[in-house]
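Before any comments, here is the structure.
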Amino acid sequence: ERKTKSFNFAAYHDLETIYSFMDTLVASHPDLISKVKIGSTYENRPMFALKFSTGGEKKPAIWIDAGIHAREWVSHASAVWIADRWHCRKEDELPIALRFERLTYIATDFKENRAPVPSVLSQMDIFLMIVANPDGYVFSHISPREFHRLWRKSRSVTSNPNCPGVDLNRNWDAEFSGPGASDDPCGEDYRGPSAQSEIEVKNIADFITSHGNFKSFMTLHAYSQLLMYPYAYNGSNAPDQPELHDVATQASKALNSWHGTIYKVGSIFHTIEQASGASVDWAYQRGIKYSFAFELRDTGEYGFLLPSDQIVSTARETWFALRYIMQYVSDHPY
Amino acid sequence: EELFNGDQVLRIQAETEDHIQVLKELEKGVDWGLDYWTHGFSTERPVDIRVPHDSLYAIKDFLMENNIPFTVLINNVQELLDRERAEMVSNAEI
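Line order of the protein sequences matches chains A and P.
Its first residue numbered 1, the first sequence is counted upward by one per residue in our numbering.
Its first residue numbered 1001, the second sequence is counted upward by one per residue in our numbering.
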């Protein structure tokens, strides 16, 4: 699509279309949005993050990524929709439907959720990576010879030639190789041979580390409606657990306010399972306090593919939670 | 092209610690080609596993022998994928 206005947000798109959408978004809002290349994938595809900034050097920043697990398509699709939200700086620039929704929404008088995004952007930069695992995402799409829609991992070669790919969310340098990750290359949660062995993980980790001023790290997954915080690697409470739990609880209420979707809130260890080498633990252990993982709306009945008519509603409710967290982070500098 | 004809997704609900131990053994044991859609086992939430058609009877027998409740979440994964493909083609045309 040549204009974001005509982009079909209620459909799943391939990588090329998403990258094209990003270019259009940047071109339409050069004073606010830019595209940052943070490296290349194993199969040499570029890895891009969108940067939303009102200017200034190395402002405190928020990181959001989606799609580290390739088959969780509604996370990518939601991130596309969410990317399109930030540039709406004035009410009159919003699409008519959204203006109506916002008015309706304000009428609910849920104060915490009314904070406008521009106030966050005046304090912080936001980086949004719509496709964190481009190789896996491409592999999960139809091409003339392939159909691997249930693919989850990266695409690198492993010690077993029959089982390529690593679970990128077990490959971070955070208690790497501990319990809750597989050492079997054929396992769906295979951790890889060493921490950050996967170039996709290394690129993101290097970017965040070199930036040095990230205050929040959020990763969007899609299965079973959860909002989680560290730790994943064991069951002990993170030092900031009470605050993180409170923020996540409030964010889940904001999310719930629109469609009534119920999220379970807790640490990854206690909410899903023990998982070593997870990205939110990596971020938290490096001082990024507000570190959260989302599992977006998906009951499983469609096999990691919500019907496309649920994309926008999923994205919107997620946006409410993200917006709450972003505002909170902005209001609580550390 | 990888096909999933006859593969099912089972939603397994562990109800006791014994169930969890049995499921952990299942995870570590024979290679039945299981694709765990949710990892980890607890009594609080179910786990979804895609089971290849060839392993279906063995896995269901295993679960029933150990009195572990399960339901069939997706009856035939390939049928689901075929429907998705048709929807995507339709979307592309639009």
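Don't be surprised by glycine CBs; every beta carbon is placed ideally from N, CA and C.
Since this is a predicted model, take the numbers as computed values, not measurements.
### Message
Could you give the first and the last residue of the continuous beta strand (DSSP E) run that contains residue 1032 of chain P?
### Response
Premise fails: residue 1032 of chain P is in no beta strand (DSSP E) and is neither H nor E.
#### Entry: the segment 289-297 of chain A touching the segment 223-238 of chain A, judged by at least three CB pairs closer than 8 angstroms
In this structure the segment 289-297 of chain A lies against the segment 223-238 of chain A, because at least three pairs of beta carbons, one per stretch, are closer than 8 angstroms.
### Query
Is it right to say residue 1058 of chain P is buried, meaning 16 or more other beta carbons lie within 10 angstroms of its own, or is it exposed?
Classification of residue 1058 of chain P: exposed, given that the 10 Å Cβ count is below 16.
### Task
Quick one: which unbroken beta strand (DSSP E) runs of 3-plus residues sit fully inside the segment 223-256 of chain A? Chain order, please.
Runs of the beta strand (DSSP E) spanning 3 or more residues and lying entirely within the segment 223-256 of chain A occur at 226-229, in chain order.
### Task
Go to residue 293 of chain A, then tell me how far its beta strand (DSSP E) extends in each direction, as first and last residue.
Where residue 293 of chain A is concerned, the enclosing beta strand (DSSP E) stretches over 290-295.
### Task
Go through its chain and collect everything with a Cβ distance to residue 165 of chain A's Cβ below 6 angstroms, but skip five positions before and after it.
The residues are 153, 154 and 155.
### Message
Under 8 angstroms: do the segment 236-246 of chain A and the segment 301-315 of chain A share three or more Cβ pairs, one atom per stretch?
### Response
No, the segment 236-246 of chain A is not in contact with the segment 301-315 of chain A.
### Message
In whole angstroms, give me the CA-to-CA distance for residue 44 of chain A and residue 1062 of chain P.
### Response
In a straight line, the C-alpha of residue 44 of chain A is about 44 angstroms away from that of residue 1062 of chain P.
#### Entry: Helix, strand or coil at residue 319 of chain A according to DSSP, with G and I counted as helix
The DSSP-derived three-state label of residue 319 of chain A is helix.
### Cβ pair residue 173 of chain A, residue 196 of chain A closer than 9 angstroms
The answer is yes: Cβ separation under 9 angstroms.
### Task
For residue 270 of chain A, collect the residues of the same chain with a Cβ closer than 7 angstroms to its Cβ; drop the 5 residues on either side in sequence, then sort them by chain order.
Within its own chain, the residues whose Cβ lies closer than 7 angstroms to the Cβ of residue 270 of chain A, once the five positions on either side in sequence are excluded, are 235, listed in chain order.
#### Entry: First and last residue of the uninterrupted alpha helix (DSSP H) at residue 219 of chain A
Element bounds for residue 219 of chain A: not the alpha helix (DSSP H) but the beta strand (DSSP E), 214-221.
### Query
If you measure beta-carbon to beta-carbon, which residues of the segment 1019-1041 of chain P are closer than 8 angstroms to chain A?
From the segment 1019-1041 of chain P, only 1031, 1035, 1036, 1037, 1038, 1039, 1040 and 1041 have a Cβ closer than 8 angstroms to chain A.
### Task
For the beta strand (DSSP E) containing residue 1056 of chain P, list its first residue and its last residue.
No beta strand (DSSP E) contains residue 1056 of chain P, which is instead part of the alpha helix (DSSP H) from 1056-1065.
### Message
Taking contact to mean 3 or more Cβ pairs, one atom from each stretch, closer than 8 angstroms, check whether the segment 58-66 of chain A and the segment 218-225 of chain A are in contact.
### Response
Contact between the segment 58-66 of chain A and the segment 218-225 of chain A is present, with at least three C-beta pairs closer than 8 angstroms.
### Message
If distances are taken between C-alpha atoms only, which option among A:328, A:19 and A:224 comes closest to residue 265 of chain A?
### Response
Minimum Cα distance to residue 265 of chain A is reached at A:224.
### Task
Leaving out five residues on either side along the sequence, give the residues of the same chain with a beta carbon under 7 angstroms from the beta carbon of residue 261 of chain A.
So the list reads 225, 255, 297 and 317, once near-sequence residues are dropped.
### Message
Excluding the 5 residues flanking residue 111 of chain A on each side, which residues of the same chain have their C-beta closer than 6 angstroms to its C-beta?
### Response
Confidence at residue 111 of chain A is low in this model, with a pLDDT of 32, below 50, so its placement is unreliable and the value that follows should be read with caution. Excluding sequence neighbours, residue 111 of chain A sits near nothing in its chain.
### Task
Please check if any C-beta of chain P sits within less than 9 angstroms of the C-beta of residue 104 of chain A.
Summary for residue 104 of chain A: the model assigns pLDDT 37, below 50, so the residue's position carries little reliability; its value from the coordinates is reported in the next sentence. No, because no Cβ of chain P sits closer than 9 angstroms to the Cβ of residue 104 of chain A.
### Task
Quick one: using the 10 Å Cβ neighbour count with 16 as the cut-off for buried, is residue 76 of chain A buried or exposed?
Buried: at least 16 other Cβ atoms inside 10 Å.
#### Entry: residue 128 of chain A, enclosing beta strand (DSSP E) - first and last residue
DSSP places residue 128 of chain A in the uninterrupted beta strand (DSSP E) bounded by 125-129.
### Query
When burial is assigned at 16 or more other CB atoms within 10 Å of the CB, is residue 113 of chain A buried or exposed?
Interpretation of residue 113 of chain A is limited by its pLDDT of 40, a score under 50 that renders its predicted location unreliable; no figure is taken from the coordinates.
#### Entry: Paired residues, beta bridge with residue 63 of chain A - DSSP
For residue 63 of chain A, which the question treats as bridged, DSSP gives the partners A:127 and A:217.
### Per-residue DSSP class, three states only, for residue 271 of chain A
Residue 271 of chain A falls in the helix class under three-state DSSP.
### Query
Can you pull the DSSP bridge partners for residue 47 of chain A?
Its beta-bridge partners are A:39.
### Task
Specify, as a first and last residue, the run of the beta strand (DSSP E) that residue 1008 of chain P falls within.
Its beta strand (DSSP E) spans residues 1008-1012.
### Task
Excluding the 5 residues preceding and the 5 following residue 124 of chain A in the sequence, name in chain order all residues of the same chain whose CB lies nearer than 8 angstroms to its CB.
Setting aside the 5 residues that flank it on each side, residue 124 of chain A is surrounded in the same chain by 59, 60, 61, 62, 215, 326, 329 and 330, each with a C-beta closer than 8 angstroms to its C-beta; the list follows chain order.
### Task
Using the Cα positions of residue 95 of chain A and residue 86 of chain A, report the straight-line distance between them to the nearest angstrom.
In this prediction, residue 95 of chain A scores a pLDDT of 47, lower than 50, which makes its location untrustworthy; no coordinate-derived value is stated.
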